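Q: Sharing a structure here in structure tokens format.
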Amino acid sequence: MSAPAKGKAAKPAAKAQTAPADSKAKAAKKALVKGNQGTKQRKIRTSPYFRRPRTLRLPKSPKYPRRSVPKVSSLDQYRVITHPLNTEAAMKEIEDHNTLVFIVDLKANKKNIKEAVKKLYDVNVTKVNTLIRPDGRKKAF
Numbered sequence: 004m005s006a007p008a009k010g011k012a013a014k015p016a017a018k019a020q021t022a023p024a025d026s027k028a029k030a031a032k033k034a035l036v037k038g039n040q041g042t043k044q045r046k047i048r049t050s051p052y053f054r055r056p057r058t059l060r061l062p063k064s065p066k067y068p069r070r071s072v073p074k075v076s077s078l079d080q081y082r083v084i085t086h087p088l089n090t091e092a093a094m095k096e097i098e099d100h101n102t103l104v105f106i107v108d109l110k111a112n113k114k115n116i117k118e119a120v121k122k123l124y125d126v127n128v129t130k131v132n133t134l135i136r137p138d139g140r141k142k143a144f
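Residues 4 to 144 (the numbering used here) are what the sequence shown spells out, left to right.
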């Protein structure tokens, strides 16, 4: 290939640089005269009810705690497990199925019972079943 002439190569490059700048200037002028927001079409309302949009809700950041001392759970391991059950059926359960049976607090859930047995008896609990007996006490096995 042969090298282009010195004067001709410089002119197209200069013209290419002015074209984008020129169109940018025209766009800025148009935005200034007409406004850059444009016209927004109004949404057609199909319901007679107005549903307020859920806007930003910031999390609470209080200046001081509302209670001076946080509530301590009164359901510790000694309150969760009232006593072990030692009826014939419970003893059969222990022997046959390797399962401990306890009478527990009515408000205790399965997670509470599992943690209490783990702390008091140092055993790994695989599963907790509960039922409320006809006398109103909760049995966990």
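Backbone N, C-alpha and C define an ideal beta-carbon position, used for all residues, glycine too. Bear in mind that the values here come from a model prediction, so they are computed numbers and not experimental data.
Going by beta-carbon coordinates alone, are Thr-90 and Ile-106 separated by less than 8 Å?
A: No, these two residues do not count as a Cβ contact at 8 Å.
Q: May I ask you to list the residues that DSSP assigns as paired with Leu-134?
A: In the DSSP output, where bridge partners are listed per residue, Leu-134 has Lys-142.
Q: Taking the alpha carbon of Pro-137 as the reference point, which residue from Ala-119, Leu-109, Glu-118 has its own alpha carbon closest?
A: Nearest option by C-alpha distance: Leu-109.
Q: Please list the segments of the beta strand (DSSP E) lying wholly inside the region 56-101, counting only runs of 3 or more residues, in order along the chain.
A: With a minimum length of 3 residues, the continuous beta strand (DSSP E) runs that stay inside the region 56-101 are 84-87.
Q: Cα separation between Tyr-81 and Arg-69?
A: In a straight line, the C-alpha of Tyr-81 is about 30 Å away from that of Arg-69.
Q: Using only the alpha-carbon positions, how far apart do Val-83 and Leu-123 sit?
A: Between Val-83 and Leu-123, the C-alpha separation is close to 11 Å.
Q: Could you give the residue range of the alpha helix (DSSP H) that holds Val-120?
A: Note, Val-120: alpha helix (DSSP H), 113-124.
Q: Grouping DSSP H, G and I as helix and E and B as strand, with all else coil, what is Thr-42?
A: Three-state result, Thr-42: coil.
Q: State the DSSP-derived secondary structure class of Val-104, mapped to helix, strand or coil.
A: Three-state result, Val-104: coil.
Q: Rounded to the nearest angstrom, what separates Glu-118 and Lys-95 at their Cα positions?
A: Taking the straight line joining both Cα atoms gives about 24 Å.
Q: Please identify the residue among Ile-116, Ile-135, Thr-133 whose C-alpha is closest to the C-alpha of Val-126.
A: The candidate whose alpha carbon is nearest that of Val-126 is Ile-116.
Q: Determine the direct distance from the alpha carbon of Lys-37 to that of Tyr-67, and round the result to whole angstroms.
A: Looking at the two C-alpha atoms, the distance is approximately 52 Å.
Q: Using the beta-carbon count (16 or more within 10 Å), is Val-75 buried or exposed?
A: With fewer than 16 Cβ atoms within 10 Å of its Cβ, Val-75 is classed as exposed.
Q: Let me check understanding here. Comparing Cα to Cα, which of Phe-144, Ser-50, Gln-44, Arg-55 lies closest to Lys-113?
A: The residue with the shortest Cα to Cα distance from Lys-113 is Phe-144.
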